[in-house]
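Residues in the sequence shown are numbered consecutively from 1, following the UniProt record's numbering.
For glycine and all other residues, C-beta sits at the position ideal for the given N, C-alpha and C.
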Amino acid sequence: MQQKLFDDSGQLVLPEELMDYTPDFLERKDADELLRLLLNRVSWQQTKVKMYDKEVLTPRLTAWYGDHPLRAGDQRIPIPWIPELEAIKQRIEAFTGMVFQGVLLNLYRDGNDSVAWHADKDTIPGRKTEIASLSLGAERNFDFRKKDEHMNRYSINLQHGSLLLMKGDLQLYWEHRIAKSNAITSPRINLTFRKVM
1 MQQKLFDDSG QLVLPEELMD YTPDFLERKD ADELLRLLLN RVSWQQTKVK
51 MYDKEVLTPR LTAWYGDHPL RAGDQRIPIP WIPELEAIKQ RIEAFTGMVF
101 QGVLLNLYRD GNDSVAWHAD KDTIPGRKTE IASLSLGAER NFDFRKKDEH
151 MNRYSINLQH GSLLLMKGDL QLYWEHRIAK SNAITSPRIN LTFRKVM
């Protein structure tokens, strides 16, 4: 059964030590401008992943900007920061009190693009790793479920300009996805700021 991540009073259903959500982190005008810029300026790539002994194209486009590779063995060469990404990184760092060394951008071109159930791999082995996720463009449902209790699902509608901070043991015990949706016809960009050293 799908449940909402927040109740009617705005209280988190999931423990607060696992996430923070700020729906209006960017003003509409700033979010619109950043979305337009990133759609046109980012060197988007469609990568291949191995599934069931076959290589398949990911159903979305990505780009990695940062100081170091995303993780050991990653074939993507980090793209140097552009001023606009550096500026939003500094703003998120000031807001969260955390420091990030890179950002993985995902472009969901429409509702046909998605990401399957997964937990983000720790970018710093052996340590809890926070991920700050900024959403731009089309609103998409971000679904969560416990790794050992798949029937228990939660969903949050990520708004244009919103910031979701995933923290603590979230990646250890929970997994998440962006499901396909025939109702979505416009693009969404998700910027996930990460710690890699």
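- Message: Less than 9 Å between the C-beta atoms of L26 and L38, yes or no?
- Response: no
- Cα-Cα separation, W64 to E139: 22 Å
- Which one of N190, W117, Y173, A116 has the shortest CA to CA distance from T17? The question names Thr, but residue 17 is Glu in the sequence shown. Nearest C-alpha to E17: Y173.
- Go ahead and label G66 buried or exposed: buried means 16 or more other beta carbons lie within 10 angstroms of its beta carbon, across all protein chains shown. buried
- Strand pairing of Y21, partner residues [DSSP]: L164
- Query: Mind checking S135: buried by the 16 CB within 10 Å criterion, or exposed?
  - Reply: buried
- Task: List the endpoints of the continuous alpha helix (DSSP H) containing E16.
- Result: Element bounds for E16: n/a, residue is neither H nor E.
- beta strand (DSSP E) runs contained entirely in the UniProt domain "Fe2OG dioxygenase" (99-197), provided each spans 3 or more residues: 102-108, 115-118, 131-137, 140-146, 149-158, 163-166, 174-178, 188-194
- Rounded to whole angstroms, what's the CA-CA distance from D53 to Q46? Just pull it up for me. 19 Å
- Query: Just how far apart, CA to CA, sit R188 and V99?
  - Reply: 25 Å
- Buried or exposed (CB count within 10 angstroms, at least 16 for buried), V103: buried
- Under three-state DSSP, which class holds Q45? strand
- Reduced DSSP category for E55 - H, G, I as helix; E, B as strand; rest coil: strand
- First through last residue of the beta strand (DSSP E) which encompasses R85: Per the sequence presented here, residue 85 reads as Leu, with Arg not at that position. It is not in any beta strand (DSSP E) - L85 instead sits in the alpha helix (DSSP H) that spans 83-96.
- Query: Can you round the beta-carbon distance between L170 and T22 to whole angstroms, since I take them to be within the 8 Å contact cut?
  - Reply: Contact flag wrong, Cβ pair sits at about 16 Å.
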